[in-house]
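In my numbering, the protein residues as written are 20 to 138. Quick reminder that beta carbons are idealized off the backbone N, C-alpha and C, glycines included. Every value quoted in this text rests on a predicted model; they were computed, and no experiment measured them.
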Amino acid sequence: MNNRKFTVGSLIPNQQTAEPVTVAWQTQQPPKKQLKTSIRLLQNGQTFHVKRFKGNLLEAALKQNQALQFKCRKGTCGVCTVKVIEGASLLSLPNEQEQKKLKQSLTEGYRLACQAVIY
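Quick look at the structure:
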């Protein structure tokens, strides 16, 4: 059996080489994306920074001593409505209660803090 090594260009007529061609591989990895670790919110003109925490947005904010306004915790009153400025990718998709209460405001970044679950 013929143990001929195939190299770059070895199958193209008149471009056969006896020396194997070496390819320099990139050893440095591309920089990793920084994972978001907090969510920036706006409620009644006040900005809040809520760190990533398991549970809903309202629970996380309250455990971090953030003074978000709320009332029913069921998604019916709308008092806990916030506008998500940064970190929306850390939140669940709007549930049925949010869709019913906020309607078109969802497309503008508004969420119910008591219903939005942090991943």
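Next on the checklist: If contacts are defined as beta-carbon pairs under 8 Å, then V101 and R130 qualify, I think. What distance do you get, rounded to the angstrom?
Outcome noted: For this step, residue 101 is matched to residue 82 along the sequence shown. For this step, residue 130 is matched to residue 111 along the sequence shown. The Cβ separation is near 6 Å, so the contact holds.
Item to check | Start-to-end residues for the beta strand (DSSP E) that takes in K120 | outcome: Numbered from its first residue, the sequence shown carries residue 120 at position 101. Not the beta strand (DSSP E): K120 falls in the alpha helix (DSSP H), residues 115 to 121.
Next on the checklist: Buried or exposed, going by whether 16 or more other CB atoms sit within 10 Å of the CB of A79?
Outcome noted: If you number the sequence shown from 1, residue 79 lands on position 60. Looking at its Cβ environment, which holds 16 or more other Cβ atoms inside 10 Å, A79 is buried.
Checklist entry - How is the beta strand (DSSP E) around K102 delimited, first residue to last? => result Residue 102 sits at position 83 when you count from the first residue of the sequence shown. 100 to 105 is the extent of the beta strand (DSSP E) around K102.
Next on the checklist: Tell me the rounded alpha-carbon separation between L121 and F72.
Outcome noted: For the purposes of this step, residue 121 is taken as the residue at position 102 of the sequence shown. For the purposes of this step, residue 72 is taken as the residue at position 53 of the sequence shown. Cα-Cα distance, rounded: 24 Å.
Item to check | Paired residues, beta bridge with G97 - DSSP | outcome: For this step, residue 97 is matched to residue 78 along the sequence shown. G97 has no beta-bridge partner at all, per DSSP.
Next on the checklist: Between L76 and R92, how many whole angstroms is the CB-CB distance? I'm expecting something under 8 Å.
Outcome noted: Here residue 76 corresponds to residue number 57 of the sequence shown, with the count starting at 1. Here residue 92 corresponds to residue number 73 of the sequence shown, with the count starting at 1. Contact flag wrong, Cβ pair sits at about 12 Å.
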